[in-house]
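Here is the structure we will look at, set down as structure tokens.
Numbering (the working numbering), first residue to last: 86 to 290.
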């Protein structure tokens with residue numbers, strides 16, 4: 086797993102891209118966040134584990150990924166990885182959902198190359214239930230330009246959401262409602278790196 090992670094970092098650098106989409110995929114290690122005992126509340130290696138992932142729309146290449154808690158610090162680390170994966174000065178369309186830390190992190194690291202917009206899909210269920218399991222009925226979609234000159238006609242997160250489905254299907258540690266979840270943070274990280282090397286360099290798209 087460590088070798089695969091290093092291989093991805095070395096090979097996915099300075100790519101010229103056109104349309105990039107970002108998202109976070111929820112999972113957990115050992116136990117869900119709400120099941121942590123009092124002395125476990127400050128432990129970062131158990132509980133909720135989010136896989137941040139960036140994919141290029143047309144090539145389906147996974148440009149960057151990061152495993153961490155869903156907060157600003159991990160978002161910033163993830164966006165910095167995307168900065169190294171993309172080519173400086175070559176502008177591209179960038180789309181995310183409405184996760185609050187994205188605009189600041191992206192403005193800091195990718196202001197010289199990203200035309201950034203947010204795409205927020207509104208469902209009939211509350212975010213908590215939609216995030217964990219099946220979504221409610223689709224109500225509407227809201228597209229908002231954040232900075233640069235994003236083309237809202239091209240703005241979508243559908244491809245990264247499909248990528249999420251592929252990741253859950255192929256990396257069983259992220260399959261919901263099973264006993265296959267990881268018991269150690271390092272094991273989940275290694276499994277993700279192994280899967281993404283296969284996805285980028287072995288699988289025929």
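Even glycine gets a Cβ: it sits at the ideal position worked out from N, Cα and C. Bear in mind the structure is a predicted one, so any value in this text is a computation, not a measurement.
**Request:** Using 10 angstroms around the beta-carbon of residue 267, count the other beta-carbons present and answer buried if the total reaches 16, otherwise exposed.
**Result:** buried
**Message:** Tell me the rounded alpha-carbon separation between residue 275 and residue 133.
**Reply:** One C-alpha to the other measures close to 17 Å.
**Own chain residues within Cβ distance below 6 Å of residue 179, not counting five before or after** = 105, 199 and 201
**Request:** Out of 196, 240 and 184, point me to the one whose CA is closest to residue 172's CA.
**Result:** 196
**residue 266, enclosing beta strand (DSSP E) - first and last residue** = Note, residue 266: premise wrong, no beta strand (DSSP E); not H, not E.
**Request:** Rank 129, 143 and 149 by C-alpha distance to the C-alpha of residue 91 and give the top, closest one.
**Result:** Closest in C-alpha terms to residue 91, from the list 129, 143 and 149, comes 149.
**Item:** Three-state secondary structure assigned by DSSP to residue 221
**Value:** coil
**Request:** Can you give me the Cβ contacts of residue 174 inside the same chain, cut-off strictly under 8 Å, excluding the 5 residues immediately before and after it?
**Result:** 197 and 198
**Among 117, 140, 151 and 144, nearest to residue 131 - alpha-carbon criterion** = 117 is the residue among 117, 140, 151 and 144 whose C-alpha sits nearest the C-alpha of residue 131.
**Item:** DSSP bridge partner residues for residue 254 (one or two, in chain order)
**Value:** Bridge partners of residue 254: none, in fact.
**Request:** Compare the Cα-Cα distances from residue 300 to each of 86, 110 and 242 and report the closest residue.
**Result:** Since the first and last residues shown for the chain are 86 and 290, residue 300 lies out of range.
**Prompt:** Between the C-alpha atoms of residue 256 and residue 273, what's the straight-line distance to the nearest angstrom?
**Reply:** 9 Å
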